[in-house]
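According to my numbering, the sequence shown is numbered sequentially starting from 347. Let me begin by presenting the structure, written as structure tokens, before commenting on it.
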Amino acid sequence: MTLRSGRHNLGRRALLHLLSSSGLTVAAPHGALAGIARLFAPGKSIDPRWTGHEESYAWRVDHSEFDDFLTRYTMRDRAGVVRVRYADVALSDRQRLVSYLQSLMAVSVGRLARAEQLAFWINSYNALTLSVVLDHYPVASIRDIDISPGLFARGPWDKRLFTVEGHPLALNEIEHRILRPIWNDPLIHYALNCAAVGCPNLRPEAFTAANAPRQQDAGARDYINDLRGVRIVNGRLRVSSIYDWFQEDFGGGEGTVLAHLSRYAETAVASTLAGAGSIAGYDYDWSLNDARNAA
Numbered sequence: 347m348t349l350r351s352g353r354h355n356l357g358r359r360a361l362l363h364l365l366s367s368s369g370l371t372v373a374a375p376h377g378a379l380a381g382i383a384r385l386f387a388p389g390k391s392i393d394p395r396w397t398g399h400e401e402s403y404a405w406r407v408d409h410s411e412f413d414d415f416l417t418r419y420t421m422r423d424r425a426g427v428v429r430v431r432y433a434d435v436a437l438s439d440r441q442r443l444v445s446y447l448q449s450l451m452a453v454s455v456g457r458l459a460r461a462e463q464l465a466f467w468i469n470s471y472n473a474l475t476l477s478v479v480l481d482h483y484p485v486a487s488i489r490d491i492d493i494s495p496g497l498f499a500r501g502p503w504d505k506r507l508f509t510v511e512g513h514p515l516a517l518n519e520i521e522h523r524i525l526r527p528i529w530n531d532p533l534i535h536y537a538l539n540c541a542a543v544g545c546p547n548l549r550p551e552a553f554t555a556a557n558a559p560r561q562q563d564a565g566a567r568d569y570i571n572d573l574r575g576v577r578i579v580n581g582r583l584r585v586s587s588i589y590d591w592f593q594e595d596f597g598g599g600e601g602t603v604l605a606h607l608s609r610y611a612e613t614a615v616a617s618t619l620a621g622a623g624s625i626a627g628y629d630y631d632w633s634l635n636d637a638r639n640a641a
């Protein structure tokens, strides 16, 4: 869930690169620069190839290999950030992750029931992201993995690395042409993890059709009640840049973003939101969610 420019022309890519290339932590004020960042963030546009589904088809995708990987190699630090022990991943488990992705690429996803498709695409995105990071590790940030095509493209998100039903797909396409527009649910943002500290936590278990609602709800509560989601700086409210970049998914305005945050806020954060009145700025930490950097 990231600020990416894969579907825009060269001029837009150049501007977005300049806006986001100053360091690992992106802090944007409320106002003109925030509006510019939102303007050049990826929009959502349905790829009609992935709209079909068969609710009567009872087959379930096996995500147990990915579940085992997450159980073995994720940990939560003292600050509440779920991190990955990239440096400790055994070669055999790296191979198992690749085998899991290959098994997903063999699935006839169009025949799955809609809830089963949701788990399929979320796990595909998260497992592919982990695989890409492991292929290039060590790196300080996923944005340093410059494999996307295009002069000003940054990161891995526009390189087509995943083939489903004969169609090569990039991470950007999974997120912005499948998950966001088809499900049209802001909770998607709490399910996807882009390997950055500023992102909502990588869930420590694989998604399934049965657990996806619980997982997404837990992800929203974790993030919104964490300093990465909502915090006060010098008496003013700052929130994650996710709520700026993808404001359309949260209702399209500052008021709807605040209403969304309040829906999942626990007592302390709810009081913060009630007292703030408006959003003063946005922040995002692009540093890798590496366990070696745990608080």
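We put the beta carbon where it would ideally sit given N, CA and C, even for glycine.
- Between the segment 401 to 411 and the segment 446 to 461, the count of C-beta pairs closer than 8 Å reaches three or more; the two stretches touch.
- Pairing S470 with V615, the inter-Cα distance amounts to about 32 Å.
- Ranked by how close their Cα comes to the Cα of D572, the residues D423, R384, V485, I534 have D423 in first place.
- Cα atoms of L450 and P388: separation of roughly 25 Å, rounded to the nearest angstrom.
- Nearest neighbour of H513 by Cα position, chosen from R395, S633, W529, Q561, turns out to be R395.
- Of S617, V453, Q448, Y483, the smallest CA-CA separation from A637 is found for Y483.
- At the C-beta level, E521 and L533 stay beyond 8 Å of one another.
- With a contact defined as Cβ atoms closer than 8 Å, H606 and F592 miss out at about 11 Å.
- Just measuring C-alpha positions, the residue of R418, V428, A465, S477 sitting nearest Q441 is S477.
- Nearest to L474 by C-alpha distance, out of G496, L497, K505, is K505.
- Contact between W503 and A516 holds: their C-beta atoms lie close to 6 Å from each other, under 8 Å.
- Closest option to L525, judged by alpha-carbon separation, among G627, Q463, V543: Q463.
- Taking C-alpha positions only, A641 is separated from G398 by approximately 44 Å.
- By the neighbour-count criterion, in which 16 or more other beta carbons inside 10 Å mark a residue as buried, R523 falls on the buried side.
- Selection V428, W467, D631 evaluated against P527 yields W467 as nearest (Cα-Cα).
- Boundaries of the alpha helix (DSSP H) harbouring T613: 613 to 622, taken from the DSSP string.
- DSSP lists S633 as the beta-bridge partner residues of S487.
- In this structure, Q561 sits near R549, with a CB-CB distance shorter than 8 Å.
- Of the candidates N518, E411, N639, G581, the residue whose Cα lies closest to the Cα of A626 is G581.
- Straight through space, the alpha carbons of E401 and D439 are spaced by roughly 33 Å.
- In this structure, the alpha-carbon of I491 lies about 25 Å from that of E411.
- As the crow flies, the alpha-carbon of T613 is around 13 Å from that of D568.
- Judged by DSSP in its simplified three-state form, H513 adopts strand.
- When rounded, the separation of the alpha-carbon atoms in N530 and A433 is 36 Å.
- When the five nearest sequence neighbours on each side are left out, the beta carbons in the same chain lying within less than 7 Å of the beta carbon of I493 are those of P502, K505, in order along the chain.
- Here V579 is bridged, per DSSP, to R582.
- For R429, the uninterrupted beta strand (DSSP E) run begins and ends at 428 to 430, by DSSP.
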